[in-house]
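The structure under discussion appears below in the form of structure tokens.
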């Protein structure tokens, strides 16, 4: 049967198979280790602010017909977001791992034709997945597949991409009875805007980067979800060591409404300023 899920799996498989490109075929690549810190993060059903240290590994690369993006965040909460078996405010905080992979297939390059129009320079097919795990009593294990079109805008430097993605998500709820812990949500749409814009502020080399997602409701008494994560960064390596794009430092902000689709309860909205570092190599 040709269901939307089967179509999503097929599109994902085709796009990801093209992503298996030998390293020597890359036309560009950028890899960095990052660090974020904030004290005003939140979690659903938790009325307290949570301190988090976040270590990330990010890789982006391009080849003749498209590009890859990979990111893994390792998040360590304080005791206000307790690990499994601990009371809030006591013992160890929870540890979470969140992995994101996206591949873009640039259709104009694949078919050898100019698909640009107006402010758009290229049309792409994006596919990928998200995976996460967290050692709380809820014990989430997110498994999400996404696929859909992306418009790539023509900007002087950097990039601006807008994607409309079809999402299929499974997760785990440790509070449900045995046999019901794995949950499959209704399929939903993700409207994604991502950007990375370098600029010069007088003598200061800087960049403004981030992403914003609007997710439609996914059933099971969920509502729409908005997540915006952005940062303003200074190229410290260029200023201090005359080595551009090596060491960046700056500030960021996380804005999250109806976290994971939850609503009408404490901790579902986040307004968290962050301090951030990136070491590119």
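In mature numbering (1 follows the signal peptide of the UniProt record, and there is no 0), the protein residues as written are -25 to -1, 1 to 256. Using N, Cα and C, we set each Cβ at its ideal position, and we do this for glycine too. Quick caveat: nothing in here was measured; it's all calculated off a predicted structure.
- Counting every other CB atom within 10 Å of its CB across the protein chains shown gives residue 208 a total of 16 or more, marking it as buried.
- Close CB contacts of residue 134 within its chain, under the 6 angstroms cut and outside five residues either way in sequence, are with 171 (chain order).
- Excluding sequence positions up to five before and after residue 57, its CB lies within less than 8 angstroms of the CB of 63, 64, 65, 66, 67, 68, 69, 111, all in the same chain and listed in chain order.
- In the structure shown, residue 212 falls within a helical segment according to DSSP collapsed to helix, strand and coil.
- Within the DSSP secondary-structure output, residue 203 pairs in a beta bridge with 187, 230.
- In the structure shown, the three-state DSSP call for residue 84 is helix.
- Beta-bridge analysis with DSSP links residue 36 to 4, 43.
- Minimum Cα-Cα distance from residue 36 among the listed residues 148, 5, 23 corresponds to 5.
- Under the DSSP assignment, residue 119 falls in the beta strand (DSSP E) whose first and last residues are 118 to 128.
- Closest in C-alpha terms to residue 255, from the list 212, 246, 161, comes 212.
- Between the region 115 to 122 and the region 94 to 105 there are three or more C-beta pairs closer than 8 angstroms, enough to call the two in contact.
- Sequence-distant Cβ neighbours of residue 55 in its own chain, meaning closer than 8 angstroms and more than five residues away, are 21, 23, 24, 25, 26, 63, 64, 68.
- Taking the CA atoms as reference points, residue 84 sits about 8 angstroms from residue 41.
- Within the same chain, Cβ atoms closer than 8 angstroms to the Cβ of residue 129 are found at 91, 94, 95, 96, the five residues on either side in sequence being excluded.
- Judged by their CB atoms, residue 78 and residue 46 are not nearer to each other than the 8 angstroms cut-off.
- The alpha-carbon of residue 174 is positioned some 23 angstroms away from that of residue 167.
- Here residue 235 has no same chain residue with a Cβ atom under 6 angstroms from its own Cβ, once five neighbours each way along the sequence are excluded.
- Where residue 255 is concerned, the enclosing beta strand (DSSP E) starts and stops at 245 to 255.
- A straight line joining the alpha-carbon of residue 150 with that of residue 205 spans about 33 angstroms.
- For the region 121 to 170, the continuous beta strand (DSSP E) assignments of 3+ residues that do not extend past its boundaries occur at 134 to 147, 157 to 159, in sequence order.
- The residues 19, 20, in chain order, have a CB closer than 8 angstroms to that of residue 240 in the same chain once the five nearest residues on each side in sequence are set aside.
- As a beta-bridge residue in DSSP terms, residue 176 pairs with 179.
- By the C-beta density criterion, residue 179 is exposed, having fewer than 16 other C-beta atoms within 10 angstroms.
- For the options 52, 163, 30, 191, the alpha carbon positioned closest to that of residue 16 is the one of 52.
- As summarised for the region 56 to 109, the continuous beta strand (DSSP E) elements at least 3 residues long and confined to that stretch are 70 to 81, 95 to 109, given in chain order.
- By the neighbour-count criterion, in which a residue is buried when 16 or more other Cβ atoms sit within 10 angstroms of its Cβ, residue 226 is exposed.
- Secondary structure of residue 236 (DSSP, three-state): helix.
- Taking C-beta separations shorter than 6 angstroms and ignoring five residues to either side along the sequence, the partners of residue 116 in its chain run 108, 147, following chain order.
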